[in-house]
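Take 125 as the starting number for the sequence shown in my numbering and just add one per residue.
Below is one structure, written out as structure tokens; the observations come after it.
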Amino acid sequence: MNKKPAVFISNLTKTFEMPQESVAVFCALDNINLTIFENETIIIAGANGAGKTLLMNIIAGLEPSTSGEIQISGRVGLIFQDADSQILGETPREDIEFGLKNLKIPKEQIKEKVDTVLKITGLLEKSDSPARFLSGGEKKRLSIASIIAMEPQTIIFDEPFANLDYDGIVQINRLIADIKADGKTIIILTHEIEKCFAIASRFIVLSKGKIVFDGAPQDALKDKLEKWGIKTPGNYIKFEELMWK
Ligand SMILES: Nc1ncnc2c1ncn2[C@@H]1O[C@H](COP(=O)(O)OP(=O)(O)OP(=O)(O)O)[C@@H](O)[C@H]1O
Ligand SMILES: [Mg+2]
Numbered sequence: 125m126n127k128k129p130a131v132f133i134s135n136l137t138k139t140f141e142m143p144q145e146s147v148a149v150f151c152a153l154d155n156i157n158l159t160i161f162e163n164e165t166i167i168i169a170g171a172n173g174a175g176k177t178l179l180m181n182i183i184a185g186l187e188p189s190t191s192g193e194i195q196i197s198g199r200v201g202l203i204f205q206d207a208d209s210q211i212l213g214e215t216p217r218e219d220i221e222f223g224l225k226n227l228k229i230p231k232e233q234i235k236e237k238v239d240t241v242l243k244i245t246g247l248l249e250k251s252d253s254p255a256r257f258l259s260g261g262e263k264k265r266l267s268i269a270s271i272i273a274m275e276p277q278t279i280i281f282d283e284p285f286a287n288l289d290y291d292g293i294v295q296i297n298r299l300i301a302d303i304k305a306d307g308k309t310i311i312i313l314t315h316e317i318e319k320c321f322a323i324a325s326r327f328i329v330l331s332k333g334k335i336v337f338d339g340a341p342q343d344a345l346k347d348k349l350e351k352w353g354i355k356t357p358g359n360y361i362k363f364e365e366l367m368w369k
């Protein structure tokens, strides 16, 4: 199979001027080199402040880098950690329509696309209910629905499991598996690696703005992960127990 890059990043750096601090320039991302191929499912883990969200904001075009090169194939969709800050419509249907109208999709196609993603995300019955009354898990699924409706090649999930119970985690993992089966590239930013380790094909660790691990999930060693500020359940990672049913 010919692997095509979905995201290509070379020597990317992001610094912030900190005139009030003792160190005048803070380097939040330090010489990042990363190629992500189409249809990979990647976890990017790292302690608080490691640079995960910043890197994704740059990939999604929401923030400029200070230096370096970045090439993206197709559209990138970013699913924020806080679903409330992503939902703009009064109802799920209206929310999904927003993005499609922005992309100038013909009206007759919009209804079909909206119905399809409402079905995929299990929100058909709530399609015309007030979005503000949706549960946390439903809101998370709505923000996913609105993004996948726009058919991005790459979808970034920022802490997709935050505040979800067991059923919510299973639903999100199923959705991620469906999106992957559809040929998309998936990037999951999380420090709760045990919730999605089993569905990942590649595991990257960011520490203080640098990539310190890039390999197969099974090859990540627990003692090293703890050194980088990533907690793992129990004394070791039992890979085969991490499949959510
Ligand atoms: N606009 C900004 N000005 C100054 N520093 C910033 C700015 N945006 C981000 N940073 C800093 O860059 C670093 C990386 O932040 P980022 O939000 O990417 O962390 P993260 O890995 O997503 O952490 P978390 O797990 O807490 O979400 C942090 O130290 C943060 O304070
Ligand atoms: Mg973050």
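Cβ atoms here follow ideal geometry from the backbone N, Cα and C, with glycine treated the same way.
Continuous alpha helix (DSSP H) stretch holding residue i: start and end
i      : result
Gly292 : Tyr290 to Ala305
Ile268 : Gly260 to Ala273
Leu345 : Run containing Leu345: none; DSSP gives neither H nor E here.
Cβ-heavy atom distance, residue i to ligand 2, below 7 Å
i      : result
Lys308 : no
Asp282 : yes
Lys351 : no
Thr314 : no
Thr278 : no
Thr177 : yes
Residue(s) in a DSSP beta bridge with residue i
i      : result
Asp338 : Ile328
Ser134 : Glu193
Ile168 : Leu313 and Ile328
Leu158 : Ile133
Where residue i sits in the DSSP three-state scheme
i      : result
Ala152 : strand
Phe222 : helix
Val241 : helix
Phe140 : strand
Ile372 : Since the first and last residues shown for the chain are 125 and 369, residue 372 lies out of range.
Lys231 : helix
Pro254 : coil
Asp206 : coil
Glu214 : coil
Lys355 : coil
Asn163 : coil
Phe350 : The residue you asked about is not Phe; residue 350 is Glu in the sequence shown. The answer is helix: DSSP assigns Glu350 an H, G or I state.
Leu186 : coil
Ile361 : Below a pLDDT of 50, predicted positions are generally treated as unreliable, and Ile361, at 48, falls in that range; the measurement from the model is reported next regardless. Three-state DSSP puts Ile361 in coil, outside helix and strand.
Gly246 : coil
Asn287 : coil
Glu318 : helix
Lys127 : coil
Glu236 : helix
Boundaries (first-last residue) of the beta strand (DSSP E) holding residue i
i      : result
Leu313 : Thr309 to Leu313
Asp282 : Thr278 to Asp282
Ile203 : Val200 to Ile203
Residue i: CB within 7 Å of a non-hydrogen atom of ligand 1
i      : result
Leu299 : no
Gly185 : no
Ala174 : yes
Ala169 : no
Phe321 : no
Phe327 : no
Ala152 : yes
Phe140 : yes
Expected contact under 8 Å - CB spacing of residue i and residue j to nearest Å
i      : j      : result
Ile280 : Leu299 : The Cβ separation is near 14 Å, so there is no contact.
Met180 : Leu202 : 6 Å
Thr309 : Glu162 : 5 Å
Gly261 : Leu288 : 6 Å
Ser197 : Lys138 : Contact doesn't hold; Cβ gap of about 22 Å is too wide.
Heavy atom of ligand 4 within 7 Å of residue i beta-carbon
i      : result
Gly307 : Absence of ligand 4 from the depicted structure is noted, with ligand 1 and ligand 2 being the only ligands included.
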